[in-house]
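K.L.:
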Amino acid sequence: MLSVRSVSAWYDDVQALHEVSIDVEKGEVVAVLGANGAGKTTLLRTISGLLRKHTGEILLDGTRIERFGPERISVMGVSHVPQGRRIFPGLTVNENLIVGGVEHVSGKVLEENMDKVYSLFPQLAERRRQLGWSLSGGEQQMLAMGRALVSDPKIMILDEPSLGLAPVVVRELFRAIDDSRRTHNLTILVVEQNAHMALQIADRGYVMESGRVVLADTAAALGQNPLVREAYLGG
Ligand code: ATP
């Protein structure tokens, strides 16, 4: 599905990624863990075409996409939910979903995809006429994901979905992500500082440090790894 091969990336002259390689298969949830500044956001921005100074190859279903711009990559099926939940606060939940999907699909398909999002996140369905700003932080994150999913992407990439949310909301959100990936066979690449939650829903994971992948394993094995436990799971 998605294959990042030996990708390096730069901000001006500062190298932020060093020969990073990761793979995500169809139907998998893959987590990228790492401390602040490890390069997680940079990796996602490079995949979705937002960061242009890079080397290496990025393949989506076998097609090289690393030279394409963000619009084309998005149309090809990579849906990026950035940090900070960019929703339109003055639009309703329903309108936010329409805006999210309308560049990719229209008419009956858009309606079907919106119904699918509402079935994934029933909390959004109950609030479809509510304005974006009036949603809780967890609901706004669900809406941001709903906007990404309404185009029926091949892969959704999530940047720190837990950021700024209370622990109880984070648990609820990750339960919703887990339920939806199981019922709808979603393919997800998720970047998280909350390693505990990320490893609970992921099949596999990578650990990044200083712009490099330093560990790659199943989520279960990473959860048992003493280095991961000490550095990211509180011992
Ligand atoms: P965080 O969880 O804090 O977002 P991260 O793992 O996502 O951390 P990145 O944001 O990818 O890390 O940052 C990787 C490195 O690139 C860091 O050293 C950071 O200071 C640097 N960096 C990030 N954005 C820029 C930028 N716009 N210009 C210059 N350097 C940047």
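According to my numbering, the sequence shown is numbered sequentially starting from 1339.
Think of the CB as a built atom: it goes at the ideal place given N, C-alpha and C, for glycine as much as any other residue.
The model shown is predicted, which means the values in this text are computed figures rather than measured ones.
1) Around the Cβ of Lys-1378, are there at least 16 other Cβ atoms within 10 angstroms (buried) or fewer (exposed)?
2) Following a CB-centred definition, is Lys-1492 positioned closer than 6 Å to any heavy atom of ligand 1?
3) Looking at ligand 1, does it come within less than 6 Å of Ala-1354, judged from the CB to the closest heavy atom?
4) Less than 7 Å between the C-beta atoms of Ala-1533 and Leu-1503, yes or no?
5) Assuming Asp-1555 and Ile-1539 make a contact with CB atoms under 8 Å, what is their CB distance in whole Å?
6) Is it the case that the CB of Lys-1391 approaches a heavy atom of ligand 1 more closely than 6 Å?
7) From which residue to which residue does the beta strand (DSSP E) around Ile-1493 run?
8) Do you know whose CA, among His-1392, Asp-1350, Met-1339, Arg-1423, lies nearest Met-1414's CA?
9) Under the rule that 16 or more other beta-carbon atoms within 10 Å means buried, what is Glu-1450, buried or exposed?
10) Mind checking who Asp-1361 pairs with in its DSSP beta bridge?
11) Check whether the Cβ atoms of Arg-1485 and Gly-1438 sit closer than 7 Å, and answer yes or no.
12) In terms of alpha-carbon separation, which member of Val-1455, Leu-1487, Gln-1478, Asp-1490 lies closest to Pro-1499?
13) Drop a sphere of 10 angstroms on the beta-carbon of Thr-1407, count the other beta-carbons inside from all chains shown, and report buried for 16 or more, exposed for fewer.
14) Checking 7 Å against the spacing of the C-beta atoms, do Ile-1526 and Val-1367 come in under that value?
15) With distances taken from CA atoms, which of Ala-1354, Val-1488, Gly-1543, Arg-1410 is nearest Leu-1398?
P.N.:
Let me lay it out:
1) By one-based count along the sequence shown, residue 1378 stands at place 40. Lys-1378 comes out buried.
2) Here the question's residue 1492 lines up with position 154 in the sequence shown. At a cut-off of 6 Å, the beta-carbon of Lys-1492 does not count as near ligand 1: no heavy atom of the ligand is closer than that.
3) Working through the sequence shown from its first residue, we reach residue 1354 at position 16. Between ligand 1 and the CB of Ala-1354, the shortest heavy atom gap is smaller than 6 Å.
4) Residue 1533 sits at position 195 when you count from the first residue of the sequence shown. Residue 1503 sits at position 165 when you count from the first residue of the sequence shown. In this structure, Ala-1533 lies away from Leu-1503, with their beta-carbon atoms at least 7 Å apart.
5) Counting from one through the sequence shown, the residue named residue 1555 turns up at place 217. Counting from one through the sequence shown, the residue named residue 1539 turns up at place 201. That pair is no contact at about 16 Å.
6) Stepping through the sequence shown from its first residue, residue 1391 is reached at position 53. No heavy atom of ligand 1 is found nearer than 6 Å to the CB of Lys-1391.
7) What you label residue 1493 is simply residue 155 of the sequence shown in a count that begins at 1. Following the DSSP letters along the chain, one finds Ile-1493 inside the beta strand (DSSP E) bounded by residues 1493-1497.
8) Within the sequence shown, the letter at position 76 stands for residue 1414. Here the closest residue by C-alpha is Met-1339.
9) By one-based count along the sequence shown, residue 1450 stands at place 112. When all chains shown are included, Glu-1450 counts as exposed.
10) Position 23 of the sequence shown, counted from the first residue, corresponds to residue 1361. Asp-1361 is bridged to Ser-1341.
11) Counting from 1 along the sequence shown, the entry for residue 1485 is found at position 147. Counting from 1 along the sequence shown, the entry for residue 1438 is found at position 100. Yes, Cβ-Cβ distance for Arg-1485 and Gly-1438 is below 7 Å.
12) Residue numbering aside, residue 1499 sits at position 161 when the sequence shown is read from its first letter. Here the closest residue by C-alpha is Gln-1478.
13) In the sequence shown, residue 1407 corresponds to position 69, counting from 1. Note on identity: in this sequence residue 1407 is Gly, with Thr being the wrong assignment. It counts as exposed.
14) Locating residue 1526 in the sequence shown gives position 188, where the first residue counts as 1. Locating residue 1367 in the sequence shown gives position 29, where the first residue counts as 1. For Ile-1526 and Val-1367, yes; Cβs fall inside 7 Å.
15) As a working mapping, residue 1398 is identified with position 60 in the sequence shown. Minimum Cα distance to Leu-1398 is reached at Arg-1410.
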